[in-house]
Structure formats: C-alpha cells, structure tokens
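Report on the structure given below.
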Amino acid sequence: FGGRARALEIMAANPGKFDAEHILVVCRLHHFPDGALVLYEQAGLYREVVQHYMTENDPTSVVASCRRFGDRDPNLWLTALNWMASRDQIPIDDVGEVLKEVEEKDLVPPLMVIQILSQNPGAHLSLIKGFVTSALQRDKASIDKDSALIAQYQEETERMRGEVEALRSEGRIFQSRNCSACQQPLDLPSVHFMCSRDGQPCVFHKRCLGDSEHECPLCGEEHQRAINMRSSQHLVERSAVHESFFRQLNASEGRGFETIAEYFGRGLF
72 FGGRARALEI MAANPGKFDA EHILVVCRLH HFPDGALVLY EQAGLYREVV
122 QHYMTENDPT SVVASCRRFG DRDPNLWLTA LNWMASRDQI PIDDVGEVLK
172 EVEEKDLVPP LMVIQILSQN PGAHLSLIKG FVTSALQRDK ASIDKDSALI
222 AQYQEETERM RGEVEALRSE GRIFQSRNCS ACQQPLDLPS VHFMCSRDGQ
272 PCVFHKRCLG DSEHECPLCG EEHQRAINMR SSQHLVERSA VHESFFRQLN
322 ASEGRGFETI AEYFGRGLF
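Each residue of the sequence shown is one higher than the one before, starting from 72 at the first, in this note's numbering.
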C-alpha cells in the first residue's frame, strides 16, 4: 500500500510528465483504480471518473464527482440522473440532489426529466414532487409578470382607441414648424405621422427618417408593445391551467407520472 500511495503522490505532483496511456494500462492490469482516477482527472476525462463510480454502484461517489467536476462539465449531472433512473433501487437522497442541480442549471426541459424517471417502474411521484412544484412556481412567476404587462397593455390600448376615435371624428391641423428629430425648421419633403409626443404632432424631414418613413421612430416602440399585447393574451388563460393540473393529478390514482408528462408534453407549462 505504501508503494501505491507514493505512486499517487508522484502522479499528482507531475501531471503531463508521463505516458498517460501506458500508465493507465498498468493501473488497470494491477487493479489500481485510484491511479486511473488521477489520470482521468488530469486529462479532463470527468465522465470517466463518474463512470468508474457507476461501475462500482456507488451513487454517493457519483454525486460527489458531479459536485466536484459539474462546473466544468454540467452534463455529468444528466449522466448521473440517467444512471440512477436505470437502477433497480433509486437512491432517493442522491437523486434529489441530482434533480436540484439539473433544475438550477436548466440542463433539460422538465418533460425530459419526467420521461427519464418514469422509465423506472419503482419510481414514485414523491420522487419528483419538489422538482415539479419548483417548475410550476417558476412558471407561475412568469405568468404573473406577463399578466402585469398585459394589464398595462390593455390600459394603453384603451388610450390608443380613444386617440383613434378622435382621429376618425375630428380634424387635425398640423402646425409644427420644427422637425421632431433634429429640431430644425421644417422644409420639404416632410413626413407627418398621426401620432404625437408630449402633445406635439410627430413630423420629420424625410431625410431624418432614413429607412423608417413608414413608422414614427419616436412612437414605434409603443406601437410594437400594442402588437405584442395581442400575442400575449393567451397567457392570461394559462393561470387557470395550474388548477386543472392539480385536480387531475389528485384524481390520477397512481398515474401521476402520466398526468405530469401529458401537461408538460402539451406545452401547458
């Protein structure tokens, strides 16, 4: 044992100074896995390190290796998840940490995580309860944010409708003398838009508009928000999906994985 300990010290202190392939063969021939692990780490073969502990059926060391090298190769966590899901007995505590890292690093969509774990007949819904709850909370926060934007868009739309109605029913006299862009006196050719800024009609020298003569450069962003509002209306309906989801989940009677996979697969979250 003293000789092996000394060999480890030499290998660790002199990375890259040996024929790694030759030493790896020697380590395998003499059943010296610690030496092989040092070589794997020095060569950046972190997946091989994790694979070694998988072969040894050591989930705790698998997680420890992912924790150690995961910043350099985040997909190690996904490798660990697939391996744990394939075991007859899923290590609950270890897979919990793996799920946490997969979620925080956003390695794969929630549906894929559910599909991986659902392949194991021994997997219970409690295994991913925290994972699914967290995914739903993130989605709800996004919906709440979108709902606030929609309320703002609706208010702006009402104001715009009033302006449109005024344009239809009332005449408008353009009396601006200066370009809204350069503030210099207007001359021809000029372009008048029906919008206004700070109570003043938007009017520009044509040369000041460049390629934007079909849209007011001052109010274009506001107009785009109104367009975005139309495409965002469906987000309000998504808030009701969560209630429906939990009702179905409670009534699933042992088919929880299928219910969760169905909702994620349909893009409802």
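Where a beta carbon is used, it is the ideal one built from N, C-alpha and C, also for glycine. Fair warning: this is a prediction, and the values are worked out from it, not measured in the lab.
For residue i, I'd like the list of residues in its chain whose CB is within less than 6 Å of its CB, leaving aside the five on either flank, ordered along the chain.
i: P86; result: Q113
i: E20; result: The structure shown does not extend to residue 20, since the chain is modelled only from 72 through 340, so no value can be given for it.
i: F264; result: C273 and C287
i: D144; result: Y117
Count the other C-beta atoms from every protein chain shown that fall within 10 angstroms of the C-beta of residue i, then say buried if there are 16 or more, exposed otherwise.
i: A151; result: buried
i: C287; result: buried
i: H101; result: exposed
i: A76; result: exposed
i: L369; result: Since the displayed the chain opens at 72 and closes at 340, residue 369 lies outside it and no answer follows.
i: V96; result: exposed
i: A237; result: exposed
i: M82; result: buried
i: I163; result: exposed
i: E80; result: exposed
i: L198; result: buried
i: G281; result: exposed
i: F340; result: The pLDDT assigned to F340 is 48, lower than 50, so where the model puts this residue is not dependable, and the model offers no usable value.
i: G106; result: buried
Ordered along the chain, which non-local residues of its own chain (more than five positions away) have a Cβ less than 7 Å from that of residue i?
i: V121; result: V133, S136, C137, L147, T150 and A151
i: Q255; result: N249
i: L188; result: A156, A194, L198 and I199
Express the C-alpha separation of residue j and residue i in angstroms, rounding to a whole number.
i: V166; j: P104; result: 25 Å
i: T204; j: C250; result: 55 Å
i: A156; j: R118; result: 17 Å
i: C279; j: A252; result: 7 Å
i: E174; j: F202; result: 7 Å
i: E172; j: A206; result: 13 Å
i: G233; j: F275; result: 24 Å
i: V109; j: R158; result: 27 Å
i: D215; j: Y124; result: 44 Å
i: A78; j: E92; result: 16 Å
i: D217; j: F140; result: 37 Å
i: E292; j: Q246; result: 25 Å
i: Q295; j: L257; result: 27 Å
i: V184; j: E241; result: 60 Å
i: R99; j: T131; result: 23 Å
i: A222; j: L182; result: 31 Å
i: S283; j: S261; result: 13 Å
i: H285; j: C266; result: 12 Å
i: R230; j: Q190; result: 54 Å
i: F72; j: S213; result: With a pLDDT of only 45 at F72, under 50, the local geometry of the prediction cannot be trusted, and the value read off the model is given with reservation. Looking at the two C-alpha atoms, the distance is approximately 57 Å.
Which same chain residues, not among the five before or five after residue i, have their C-beta less than 8 Å away from its C-beta?
i: Q160; result: G193
i: D177; result: none
i: R268; result: S251, L289 and C290
Between which two residues does the beta strand (DSSP E) harbouring residue i extend?
i: P272; result: Q271 to H276
i: S247; result: It is not in any beta strand (DSSP E) - S247 carries neither H nor E in the DSSP assignment.
i: V109; result: Note, V109: premise wrong, no beta strand (DSSP E); alpha helix (DSSP H) at P104 to Q113.
i: V179; result: Where V179 is concerned, there is no enclosing beta strand (DSSP E), given that its DSSP letter is neither H nor E.
i: R143; result: Segment: none, R143 is in no beta strand (DSSP E) and carries neither H nor E.
i: S261; result: S261 to R268
Could you give the first and the last residue of the continuous alpha helix (DSSP H) run that contains residue i?
i: F140; result: P130 to F140
i: H123; result: Y117 to T126
i: V173; result: I163 to E175
i: S157; result: N146 to S157
Using CA coordinates, which residue listed in the options is at the minimum distance from residue i?
i: N153; options: Y111, F140, D142 and Q186; result: Q186
i: P180; options: Q246, R209, S218 and S240; result: R209
i: K277; options: L259, C290 and L289; result: L259
i: G115; options: D142, S283, D129 and E127; result: D142
Looking at the ligand FMN, does it come within less than 7 Å of residue i, judged from the CB to the closest heavy atom?
i: D215; result: This structure lacks the ligand FMN, and indeed carries no ligand of any kind.
Using 8 Å as the limit for Cβ to Cβ distance, is residue i near chain D?
i: R248; result: The structure shown has no chain D; it contains just one protein chain.
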